[in-house]
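Residue numbers (our numbering): 41 to 335.
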């Protein structure tokens with residue numbers, strides 16, 4: 041019976057009969073009506089539970105500064121720099137999409153209601169969790185459980201993350217670089233990302249010693265303005281994380297979220313214009329990789 045249920049859930053989710061925004065994300069309606077106070081309260085709640093906040097991305101402020109007048113309040117709280125992060129990411133680079141974490145805080149235009157969205161870590165855990173130790177898996181789960189406790193307190197609503205079977209598709213796209221050393225590729229890649237308007241907000245150096253590992257935090261406000269207004273849940277993957285790491289043979293690997301997988305998942309919820317923006321973002325990053333490789 042349990043196997044049948046898992047199979048049924050798999051068929052529903054991966055035929056996308058289920059709403060992926062409810063499977064891949066948890067969205068909490070907050071009781072607070074003041075947007076910036078809601079953001080501050082989430083930060084304080086995280087810090088009270090020893091969850092480090094790295095920075096707050098004031099996405100809506102940046103978009104409005106470019107001349108947009110109708111973009112709703114939208115911030116991303118970026119954090120969860122857990123002690124085991126180096127070991128976790130060097131074992132499973134794909135986890136750079138959930139560690140560090142992003143909490144999207146967004147306000148509805150129609151009624152002013154404020155929401156906070158986090159990703160369902162089980163999506164990545166079901167695919168790659170077997171590569172970690174039990175203690176490392178528990179640390180990730182504890183961190184996300186504490187975030188949910190903070191948001192439950194602020195919303196009065198308890199949400200449970202859906203457990204899903206391992207997706208057949210890879211959740212990240214990864215490419216190997218054999219012609220350049222790690223430091224050389226890293227320097228060239230930053231320049232090439234900026235060149236395709238994937239502006240690099242920061243580079244997190246997870247490990248500066250072999251095996252070296254860095255996460256590029258890239259952002260294109262034009263893409264964000266077009267996507268986040270209609271599908272605010274995607275802010276849990278913002279800023280776009282592109283990881284670069286040193287492999288045992290001295291080559292370099294670079295990867296990021298599998299955008300074609302997202303397009304497949306959300307095809308029922310995304311018009312052609314939005315889908316094209318996703319495809320363009322995918323092309324931009326691949327173009328930056330190619331340029332950095334000198335191809």
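Cβ atoms here follow ideal geometry from the backbone N, Cα and C, with glycine treated the same way.
Could you check if residue i is buried or exposed, using at least 16 other CB atoms within 10 Å of its CB as the buried criterion?
{"i": "residue 262", "result": "exposed"}
{"i": "residue 297", "result": "buried"}
{"i": "residue 46", "result": "The pLDDT assigned to residue 46 is 41, lower than 50, so where the model puts this residue is not dependable; a value taken from the coordinates is nonetheless given after this. Flag for residue 46 reads exposed."}
{"i": "residue 108", "result": "exposed"}
{"i": "residue 148", "result": "exposed"}
{"i": "residue 81", "result": "buried"}
What distance in whole Å lies between the Cβ atoms of residue j and residue i, which are believed to be in contact at a cut-off of 8 Å?
{"i": "residue 191", "j": "residue 144", "result": "Going by Cβ atoms, the distance from residue 191 to residue 144 rounds to 11 Å, so no, they are not a contact pair."}
{"i": "residue 285", "j": "residue 252", "result": "7 Å"}
{"i": "residue 99", "j": "residue 115", "result": "6 Å"}
{"i": "residue 199", "j": "residue 188", "result": "7 Å"}
{"i": "residue 211", "j": "residue 274", "result": "With 8 Å as the limit, residue 211 and residue 274 do not qualify as a contact, their Cβ atoms being about 14 Å apart."}
{"i": "residue 292", "j": "residue 217", "result": "4 Å"}
{"i": "residue 79", "j": "residue 117", "result": "7 Å"}
{"i": "residue 209", "j": "residue 294", "result": "Residue 209 to residue 294, Cβ: 19 Å. No contact."}
{"i": "residue 236", "j": "residue 324", "result": "4 Å"}
{"i": "residue 167", "j": "residue 207", "result": "6 Å"}
Taking residue i as the reference, give the member of the options with the closest Cα.
{"i": "residue 248", "options": "91, 122, 130, 108", "result": "130"}
{"i": "residue 123", "options": "148, 180, 209, 70", "result": "180"}
{"i": "residue 276", "options": "159, 153, 214", "result": "159"}
{"i": "residue 281", "options": "292, 260, 107", "result": "260"}
{"i": "residue 151", "options": "112, 140, 59", "result": "112"}
{"i": "residue 97", "options": "267, 59, 305, 142", "result": "142"}
{"i": "residue 219", "options": "312, 204, 64, 329", "result": "329"}
{"i": "residue 77", "options": "194, 267, 230", "result": "194"}
{"i": "residue 119", "options": "266, 89, 134, 146", "result": "89"}
{"i": "residue 331", "options": "299, 233, 197, 135", "result": "233"}
Is residue i helix, strand or coil by DSSP?
{"i": "residue 41", "result": "Unreliable placement is indicated for residue 41, whose pLDDT of 42 sits below 50; the coordinate value is still reported in the next sentence. It is coil, neither helix nor strand."}
{"i": "residue 202", "result": "coil"}
{"i": "residue 147", "result": "strand"}
{"i": "residue 54", "result": "For residue 54, the predicted model reports a pLDDT of 43, less than 50, meaning its position is unreliable; a value from the coordinates is still stated below. Of the three classes helix, strand and coil, the one that applies to residue 54 here is helix, per DSSP."}
{"i": "residue 121", "result": "coil"}
{"i": "residue 158", "result": "strand"}
{"i": "residue 325", "result": "helix"}
{"i": "residue 278", "result": "coil"}
{"i": "residue 110", "result": "coil"}
{"i": "residue 319", "result": "helix"}
{"i": "residue 239", "result": "strand"}
{"i": "residue 252", "result": "coil"}
{"i": "residue 132", "result": "coil"}
{"i": "residue 247", "result": "strand"}
{"i": "residue 187", "result": "helix"}
What residue range does the alpha helix (DSSP H) around residue i cover?
{"i": "residue 139", "result": "Note, residue 139: premise wrong, no alpha helix (DSSP H); not H, not E."}
{"i": "residue 79", "result": "75-88"}
{"i": "residue 266", "result": "261-268"}
{"i": "residue 212", "result": "First-last for residue 212: 212-217, but that is the beta strand (DSSP E), not the alpha helix (DSSP H)."}
Quick check on the DSSP output: the beta strand (DSSP E) that includes residue i runs from which residue to which?
{"i": "residue 228", "result": "Run containing residue 228: none in the beta strand (DSSP E); it sits in the alpha helix (DSSP H), 222-235."}
{"i": "residue 68", "result": "65-69"}
{"i": "residue 172", "result": "Element bounds for residue 172: n/a, residue is neither H nor E."}
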